[in-house]
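Trainee: In the UniProt record's numbering, the protein residues as written are 1 to 108. We put the beta carbon where it would ideally sit given N, CA and C, even for glycine.
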């Protein structure tokens, strides 16, 4: 089934909403505001590709966090397949955080 641009935009909005419910256990800010999500690609048949990173390669949730992201995005209505790629290029740094995240952590 092919989706319209509007439907794809709605799916994208819902994916972002869901990503904002996933938290790095060491930082009280969601992974989207932290800047850990590098890219979300949505095909016209709602196959999703997510490129994300972790705050450090040896992050204690390196196994569970990507799976949680994948499971939550897969649960979004109309989502077909979810392909998640974990990358450390470029490596994450504090500059990737949103203003909101920096404020939340007292960095502003």
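1) Quick one: Cα of residue 16 to Cα of residue 79, how far?
2) Should the segment 53 to 70 be regarded as contacting the segment 25 to 38, the criterion being three or more beta carbon pairs within less than 8 Å?
3) Closest to residue 40 by CA distance: which of 96, 94, 55 and 9 is it?
4) Can you give the beta carbon distance from residue 46 to residue 88, rounded, assuming they're within the 8 Å contact cut?
5) Any chance you could list the beta strand (DSSP E) runs of at least 3 consecutive residues sitting entirely within the segment 21 to 104, in chain order?
6) Can you find the residues in the same chain that come closer than 7 Å, C-beta to C-beta, to residue 70, ignoring five residues on each side of it along the sequence?
7) Taking its Cβ as the centre, do 16 or more other Cβ atoms sit within 10 Å of residue 35, making it buried, or is it exposed?
8) How about residue 42 and residue 11: do their beta carbons lie closer than 7 Å?
9) Please classify residue 53: is it buried, with 16 or more other beta-carbons within 10 angstroms of its beta-carbon, or exposed?
10) What number of angstroms, rounded off, separates the C-alpha of residue 107 from the C-alpha of residue 64?
11) Might you give, ordered along the chain, the residues of its own chain that have their beta carbon closer than 8 Å to the beta carbon of residue 38, omitting 5 neighbours on each side?
Mentor: In short, the structure shows the following:
1) 13 Å
2) Touching, yes.
3) 9
4) Contact doesn't hold; Cβ gap of about 28 Å is too wide.
5) 37 to 42, 48 to 52 and 82 to 86
6) Take residue 70, set aside five residues on each side of it, and the residues of its chain with a beta-carbon closer than 7 Å to its own are 82 and 84, in chain order.
7) buried
8) Between residue 42 and residue 11, the CB-CB gap stays under 7 Å.
9) buried
10) Approximately 28 Å, taken between the alpha carbons.
11) 51, 52, 53 and 87
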